[in-house]
Structure formats: structure tokens, C-alpha cells
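Asker:
Chains as they are written, first to last, in our numbering: chain Y, 174 to 687; chain L, 174 to 687.
Laid out in C-alpha cells, this is it:
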């Protein structure tokens, strides 16, 4: 019996060693990719592609190593299996899931997809610049076909109802198109109702506040101040973070080495302010994972949706609140000299909360943002099973933008080609953006009942209690649960659109005085 | 016969694929290490060590893959082997060399050495800060013992006369302690003679020129100007280089992605000027290798000695010449406002060529620099065979500094513990620094006869012809030859100290007017 237990332990440890190897190579890929976006001399791209391809191959071999199958089945068959802890079982489950999925996808399909991704992204850039969807169309068709094939295979492996569900599951485990359809339908109605109220309100935010010129160096100092507020340490001798500058903001990293980027525009302070808060939300999640679980499958964040709930929490629920700006507006004024001297706090907060339907997702306000996401989801839901074709995409896209947002798309670069996701083959990714917002509303609602004073504490710049709550309830739980299970543990209820809509309605009734 | 040739080709191609994989992982290590020195948040060190250890293991397995042995012996036995090109044979030779050396070192010794390196470097830092050699002594003894063991094994593999020769061969293939002893003995005499002449000259460079305050941003602009002069592109949309800032300057990179660092001190312009030129010399070598050979063993630089010959060529032969400053001094004056307005060109050039025996190698002038290196070589030559012990090092060190340089070492931090090399187990490395200087003299001499006007062209900032000459004669030859063979091809003669001493004597007779 003791010897049997020893075998189990030794097999489990071997499995965790293999997990550690794979995670380590994954973090190398992250750094190498971050370097590519931020520091690499332009000429280095060919060598970098070679490096990334080789690392991908090494990683793929690690996670499909046949020894993993042996270890997994020995562990599962062992009489001591049932006595493993919840964490250990979850680790075994997660290794099994990755192994099954990765081994069932034929290497030919994986390689072809990787190549077609690179080609499609390249052509997408050119087609976008040329405003010519017909250039992009054949490449999008190819990558879509490859992802459909993957979806069909993964549907069997994962046992999902549809191929699209299998693709969604990659980004948001166990989430289904059916559930998303339901919650998005309610979300859409609620958002459009709030949008109408804002649009017809007599009180409108003042224009011309956020496009005032702020020098780059001042904006950089403001970014550091925001980082300090979030306790995202980028300066001290024990710092575990960085802020860099790229065309499009992003976050990458793992535990003690997490990095965010932003983009500074002299006449668009909001862009850097809210991207720092957004990416900072991602960053503090990654930094606050449970250190004992580092390198284990459970030592990861829960899902893209949960990650987005944190970035949106920091960006919007905190960063666009009147309470936060009561604290931060004097600091901003101090840094920016006379720029905002004649602008009241209320006028400033209203202007950062202006609602205005627009064509571009990444520039959207809080009320219309999810409508952009819903449009993409509705299209994907029809595209994957082949109910609509790639050729029809521009017309369908433009029609939905007219119906949901009331905007007229003038060309496909500001329309169907605005985002890179589909070129990369990331079908099933978009819904997580809106799910994150929905989760953030439920998280907020529970936090308000647990910490009734958390928001008024923001007025004195105190985010500590709230961060601690998020850490306890979300960050330290790592990847121990699938997202819907974690949501139940955190919010005490299944997915529910109401708290998010109530939060928005309450805020915007103040902003627009409706 | 056709089929046999096909087998040879296919085996050779497989071998080159394996070389490509190994080189690729090597370049990943470089980027990851560069990031560690320049950008990594301090907290990331633990994760970074894990990444580097894993990459080392992957690389070690790649270059000791038993399939390499099969491929190599099949290629060698093949009747078509003799018809392989010179490049192909050299590639086979270099893969064989690495394979034999790496497989003969027991994995236990390799792992123990890696661990002890990390420990010894860590303790070295602490001991240096505490000025306490007794702290460092046991760790240095351990790493020395491990390197002796490696030397003993490699002596058999490489067939060198001594274990120390086997260690030297790692850094400067085929170079021997015997040859180094001979040339260093002549070098030492020559340098001491020039040093005496400088010291007793009535004309001495003016003091107080190089410690004038130059703001960091101005120094950064000057660095970019120096890079432009060398055609080390760091700014254009097709740039293949970078300049960053670290405590100690270094160069890393491969072909299209090469990176140098420097350190700016407000009151020490010379430090950034000459480190940019020095590292720039390394960088243009790495950037100018033959692109068709990329990822092959021959697509590498020749040796550490040859690399150093290029960094010293740019730093000293070009960068401390009156001709270069005739071009660059007006630019420097333009950037620095009034700082040098009362300093003549000649006074400036004399001040950057001041000779003054000092305690620290990296701060040494051109005349005394190699004396620092010779001291280290003489010590290593006795240390590896056990003629002297680690305990005796401080006394021997201090005595030699008194005898060769006439300086009194006050403590071991400015003495035997000043450099990190021995803590890292790099015995056999130091001689390459002086060998590089000797090579640079021979290269200069040949260049002068091929391009009589190269130096006067520097007066108008034209380095093109000289760079082209270096590219043709050295850079494009990659690792096709061992260093002594390359030297013969470039300079038309075996290693020879005279040209370097003549160059120094001629320059310093002008500087000191002796």
C-alpha cells in the first residue's frame, strides 16, 4: 500500500515536472514575443519567426509526449487516485485536457494552421491598408476552413454540442454558444435601452476636454502614478512589472515578470489613461496568482473572460468612477499645469464617460462596447456552421452596425477588417470580451455587499481592500475552477447580466442626468 | 553512385538542420539573457534562471543527440566525402568538435559546474562588496577544481599538450599556452618600454578635459552619431541594431538582430564614447557575417581573439586616432555647447590617449591594458597545473601589479577580485583580450598596405573603404578557419607582436612627444 502510494506520488511529480517544463517554454515564448513587439530591431523579424517556430515545436512535443499518456493513465488507475487533493485532481484533469486536444489535432493541420495564420495576418494588414476586402477574402476563407476542421475534431474530443462550442471552449472553458446567445440577447436589449436614454438626455457631457494636448513625458508620469495606485510596481528594486510603448496596448507575463504596454497620443490623454488601467487590471491578476502553484496547471488564470473582467473592472468600474477621480483629478491637474484648471471634477468625469456609438470596437465607450462584441458573436455563430459565407461578411457586418449602433460603415477597413482576431483564426475569442464585462458586474455586486465602503475609499486613493478582496476571491484561486464554477464561488450565482446593466444604468443616469 | 551521393547530401542536410536548431536556441538564450541585463523587472530573476536552465538543457541535448554521431560517421565514411566543398567539410569538422567535446564531459560534471558557476558568481559579488577574499576563496577553489577536471577530459578529446591548453582552445581554438607565453613575453617588454618613454616624457596630456559634465541626453545623441559613422544602424525602419544602457557594456546578437549596451556617466564622456566604439566593433562583425551561412557552424565569428581585434580596432586604432577626431571633434563641440570651446583638437586627442598605470583592467589605457591581461595569463598558467594555490592568489596578484605596473593594490576588490571571469570558471578566456590587440596590429599593418589612404579618409568621416576591407578579409570568412589560419590569410603572416608595438610607439611618440 505504501509502495502503491509512492508510485502515485512519483508519477504525479513527474507529471508536474513536465508541466513545469512546458510552462517554462511558454514563458520564454512570451518574453520573445514581447521583445518582438517592443524592442527588436525591425530587421530581426526573420530570425524571430524562426525562433518562435522552433519554440512552438518544442512546446508541442512537450505537451504531446507519449509519456504523459502513460503517467496520466497510471495515475487514474491507481487505487489512491480518489485520495488526491482537489488541486491535484484538477492538475491531472488540466494536463489530460491539453494532452487529448493537442494529440487529436493532426500535426499537418497544426502546421498548416500556423502557416496560414501568418499569411492571413500579413495579408489582412495589407488589405486593411488598401481598404480592399477582396484581397483578404481568400486568406480568411482558408484560415476559417482550417479552424472549422479543428472545431470538428475538438467537438468530438471535448464532447461539445457544436464545433463552434469547441472553439469557444479554447478561450472560455465549458461556455456554450447557447448560453452566450441567451445572455447576449438580454445584454443587447439592456444596452440599447441605456443608449437611447443617454442619446435623448438633455444633459450631454462637454466636448473638447480630452483632446487637449498633454506632453508625452507628463503622460508617462501619470501612467506611473496610476500603476502605483493599483500597486503594480514598475520602479522599485523589487519591482515585478514594466510599462512600455507599442502601437496597440497589451499585457504579457507570469507571476514575477509581468509587462504592460500603452500608446501615448499628445491629444488623447484618455487613450493612455484607460489602457494603463485596463492592462494594469490584467497585470495585477497575473502577479497575484498563488505562488505555491507556480508552474502547475492550476497556477494560471481562469479564462480569458475572467481576465477581461479584471481589466474592465480597473478600467471602468474603478477608473471611470467619480470616486476614483475625486482622488486622482487633483493629481492630474498638478501634473498638467493649466490644462484642466477651468474644468470641474464633474465635467471631467462626465467627459470620460461620454456615450457615442462608433465604428471601432477598441474606441467604444462602456455602453456601446458590448454591442460591437455581440455583432461579432452573432456572425461567428452563423459562420462556423456555414450558414453564411465569407463573401457575405461585409454586407452582414454593415447591416448589423446600422441596426445595433446606428452607424454607417464607409469601407471594410473600418468595418469587418478592423480587428486582427479572425485573420489569426481566433474564432470563439470575441465573446469573452463581453462575458468579462458581465462577470465584472456580478463581481462588483458581491464586492459591494462584502465591502460596502470600498468605493468611497477610492476617494482617498485607497484600493487596498478591494484589491485584497479580488485577490482572495479570484486571483488566488488560479485555474482551480472552470469559469462558470468560479463565477458561482465568487458571485454566489450563475452568469447574470442584471448586475452589469444596473451598474451601467446607475452610472449613466448620473452622467446624463436622465 | 547517384544514390550514394544522394545519401551523403541528405545526411549533410540533416546535420545542417540540427545545426540550425541548435543555433536558433542559442539565439533565444541570447535574447533572454539580454533582456535579463537590460529590461527584466528585478523580481523576475528566479523565473529567468529556470528559463535559462531549461534552454541550456534543451540545447545540450540537441548538440549531443546520438543521431549526430550516426550522421557524422556516415558522412565521413561515404566515398563522396572528399568531394565535399571546403565549407561543407569545415561544417562537418565543427559539428564533430562540439559533439565530441560535449559528449565526453559527464553530465554530472556539466550540471555541477553550472550550479557552482552561479554560486561562485553570487558569492564573488558579495565578497567583492565586502572586500573579503576569504569569503570567495572556497567557492573559487571549487569552480577551479571543476574546470581542471573538464580541462583534463578535454585535453584527451582535443589532443592538446596541457589541460590549460584545452581550456584556452574553448575560446581561441588551437592557440596554446606555449605560443601565448612567447608572444606575451615580447609584448610585455615592448609595452613596458613604451610606458617608460611616456612616463619620462616632458610633454604630458592636459588634465581635466574628460571629466567635464555632459548631460545624459547629449551623450545619447553622440552615441547615435558614432553608430552612424560605423554604419551600425539603430534608427531606420530596416535597422538591425540597438543601443541600451547597462552597468557594464556588452554586445550580443546574431546577424540581423545585434545589440550593444553602454553606460553613461555625466562626468566621464570617455566611458560612453569608447564603449560605444568598442561594442560597435563587435556589433559590425556580427552583422556582417555571410548571410548564406546563417545557422551553419561556419556562419559564426572566428574566435574571441578575433572578435576582440575588431572591438579594439574600432575603439583604439580608429576611435583614438587624430584623424578620426579631426572629423568628429567639430561634431562633438557642436553637441556640447561651450564645454570644449577652449580645448584644441590636439589637446583633446592627447587627453583621450593619456597613459597612466592603474589597478583596474577595464579602465586601463592602450599601453597598460595588455599588462593587466598578461598578469592574469601568467597566473592561470601556474594555477591550472597546481603550481600555485588559490590561497596564494592575492599575494601573487599584488606582487605582479607592483612589478609590471608599479601600482599598490590596497584590497582584493581592486585586486584579484576585480573581474568576474574566474568566478564564472572562464579560465583561458583572459589571453584572448591581448591576442585581439596583437591581431589588430597585424590587421592594421596589412590594411595600410592595401588601403594607404584609409586613415586620412577618416578625417572626412569616411570609414566605408576600411569597413569593406574588414568585411571582405574577416567578417565574410565567418568561422571557416581557426584563428591562426585566418590570421595568416588576413595578415599574410603568423602571429607577430611587432606591428602592434610599432603602431603604439608611433602614436605615443606623437602624444608624448618623446
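We put the CB at the ideal spot given by N, CA and C, even for glycine.
In chain order, what residues of the same chain have a beta carbon less than 7 Å from the beta carbon of residue 207 of chain Y, not counting five sequence neighbours either side?
Answerer: Counting only Cβ-Cβ distances below 7 Å, and skipping sequence neighbours, we find 425, 432.
Asker: If you measure between the beta carbons of residue 274 of chain Y and residue 196 of chain Y, is that distance less than 7 Å?
Answerer: Going by C-beta atoms, residue 274 of chain Y is not nearer than 7 Å to residue 196 of chain Y.
Asker: Along chain Y, in chain order, which residues have C-beta atoms closer than 7 Å to that of residue 412 of chain L?
Answerer: Going along chain Y in sequence order, the residues near residue 412 of chain L (Cβ under 7 Å) are 214, 215, 216.
Asker: Kindly indicate the opening and closing residues of the alpha helix (DSSP H) around residue 333 of chain Y.
Answerer: Neither: residue 333 of chain Y is in no alpha helix (DSSP H) and is coded neither H nor E.
Asker: Please confirm if the stretch 367-377 of chain L is in contact with the stretch 505-521 of chain L, defined as three or more CB-CB distances below 8 Å between the two stretches.
Answerer: They do not touch, by the three-pair rule.
Asker: In three-state terms, what does DSSP make of residue 240 of chain Y?
Answerer: Reduced to three states, the DSSP call for residue 240 of chain Y is helix.
Asker: Identify every run of the alpha helix (DSSP H) within the stretch 307-386 of chain L, keeping only runs that are complete inside it and at least 4 residues long; order them along the chain.
Answerer: Complete alpha helix (DSSP H) runs here, min 4: 336-344, 350-373.
Asker: Between residue 204 of chain L and chain Y, is any beta-carbon pair separated by less than 7 Å?
Answerer: It does: the Cβ of residue 204 of chain L has a partner Cβ on chain Y nearer than 7 Å.
Asker: Compute the distance between the beta-carbons of residue 475 of chain L and residue 667 of chain L, then report whether it is under 7 Å.
Answerer: Not in contact: residue 475 of chain L and residue 667 of chain L (Cβ atoms no closer than 7 Å).
Asker: Would residue 512 of chain L pass as an interface residue toward chain Y - the criterion being a Cβ-Cβ separation below 7 Å?
Answerer: Answer no: the Cβ-Cβ gap between residue 512 of chain L and chain Y never drops below 7 Å.
Asker: Just the C-alpha distance for residue 696 of chain L and residue 347 of chain L, rounded to the nearest angstrom, thanks.
Answerer: The structure shown does not extend to residue 696 of chain L, since chain L spans only 174 to 687, so no value can be given for it.
Asker: In chain Y, which residues lie with their C-beta within 7 Å of the C-beta of residue 223 of chain L?
Answerer: By Cβ distance, chain Y contributes 197.
Asker: For residue 232 of chain L, collect the residues of the same chain with a Cβ closer than 8 Å to its Cβ; drop the 5 residues on either side in sequence, then sort them by chain order.
Answerer: Correct list, in chain order: 195, 198, 199, 202.
Asker: By alpha-carbon positions, which one of Y/193, Y/396, Y/183, Y/261 ends up nearest to residue 654 of chain Y?
Answerer: Considering only alpha carbons, the answer is Y/261.
Asker: Against residue 194 of chain Y, what residues of chain L qualify as contacts under a CB-to-CB distance less than 7 Å, listed in chain order?
Answerer: Those within 7 Å of residue 194 of chain Y in chain L are 227.
Asker: For residue 433 of chain L, which residues does DSSP report across the bridge?
Answerer: Beta-bridge pairing links residue 433 of chain L to L/416, L/424.
Asker: Starting from the Cα of residue 472 of chain L, find the closest Cα among L/380, L/427, L/481, L/182 and give me that residue.
Answerer: Checked all of L/380, L/427, L/481, L/182; the closest Cα to residue 472 of chain L is L/427.
Asker: Report yes or no: is there a C-beta of chain Y within less than 7 Å of the C-beta of residue 201 of chain L?
Answerer: Chain Y contact via Cβ: present.
Asker: Quick check on DSSP: helix, strand or coil for residue 485 of chain L?
Answerer: Helix, per DSSP.
Asker: Within a Cβ cutoff of 6 Å, which residues of the same chain sit near residue 649 of chain L, ignoring the five residues on either side of it in sequence?
Answerer: If we look at residue 649 of chain L and ignore the five residues flanking it on each side, its Cβ neighbours are 463.
Asker: Alpha carbons only, please: which of Y/553, Y/489, Y/679, Y/470 is nearest the one belonging to residue 651 of chain Y?
Answerer: Nearest of Y/553, Y/489, Y/679, Y/470 to residue 651 of chain Y, Cα basis: Y/470.
Asker: Look at the Cβ atom of residue 304 of chain L, then the Cβ atom of residue 586 of chain L, and state whether they are nearer than 7 Å.
Answerer: Yes; because the gap between Cβ atoms is below 7 Å, this pair is in contact.
Asker: Taking the C-alpha atoms as reference points, what is the distance between residue 672 of chain Y and residue 612 of chain Y?
Answerer: Computed Cα separation, rounded: 9 Å.
Asker: Assign residue 581 of chain L to buried or exposed, taking buried as 16 or more other Cβ atoms, counted over all protein chains shown, within 10 Å of its Cβ.
Answerer: Residue 581 of chain L is exposed by the Cβ-count criterion.
Asker: Is it the case that the Cβ atoms of residue 559 of chain Y and residue 430 of chain L are separated by a distance below 7 Å?
Answerer: In this structure, residue 430 of chain L does not lie closer than 7 Å to residue 559 of chain Y by Cβ.
Asker: From the beta carbon of residue 232 of chain Y, is the nearest beta carbon of chain L less than 7 Å away?
Answerer: Chain L contact via Cβ: absent.
Asker: Which chain L residues sit within Cβ distance under 7 Å of residue 220 of chain Y?
Answerer: Within 7 Å Cβ-Cβ: 200, 427, 428, 429, 430.
Asker: Could you pull out every residue in the same chain whose Cβ sits closer than 8 Å to the Cβ of residue 336 of chain Y, ignoring the five residues on either side in sequence?
Answerer: Excluding sequence neighbours, residue 336 of chain Y sits near 321, 324, 325, 327, 328, 557, 558.
Asker: To the nearest angstrom, how far is it from the Cα of residue 287 of chain Y to the Cα of residue 506 of chain Y?
Answerer: Cα to Cα, residue 287 of chain Y sits roughly 48 Å from residue 506 of chain Y.
Asker: Tell me, please, whether the CB atom of residue 208 of chain Y is closer than 7 Å to any CB atom in chain L?
Answerer: True, the Cβ-Cβ gap to chain L drops below 7 Å.
Asker: Any idea if residue 614 of chain L is buried or exposed, counting beta-carbon neighbours within 10 angstroms, 16 or more meaning buried?
Answerer: Under this definition residue 614 of chain L is a buried residue.
Asker: Report back the beta-carbon spacing between residue 731 of chain L and residue 439 of chain L to the nearest angstrom; my notes put them in contact at under 8 Å.
Answerer: Missing from the structure shown is residue 731 of chain L; chain L here goes from 174 to 687 and no further.
Asker: Using a Cβ cut-off of 8 Å, pull out every chain Y residue sitting near residue 415 of chain L, in sequence order please.
Answerer: Ordered by position in chain Y, the residues that pass the 8 Å Cβ test against residue 415 of chain L are 212, 214.
Asker: Does the separation of the CB atoms of residue 619 of chain L and residue 664 of chain L fall below 7 Å?
Answerer: It is a contact, given that the beta carbons lie within the stated cut-off.
Asker: When the distance is taken between beta carbons, is residue 289 of chain L closer than 7 Å to residue 315 of chain L?
Answerer: Yes. Within cutoff.
Asker: From residue 280 of chain Y to residue 237 of chain Y, what distance separates their C-alpha atoms?
Answerer: Roughly 11 Å separates the two Cα atoms.
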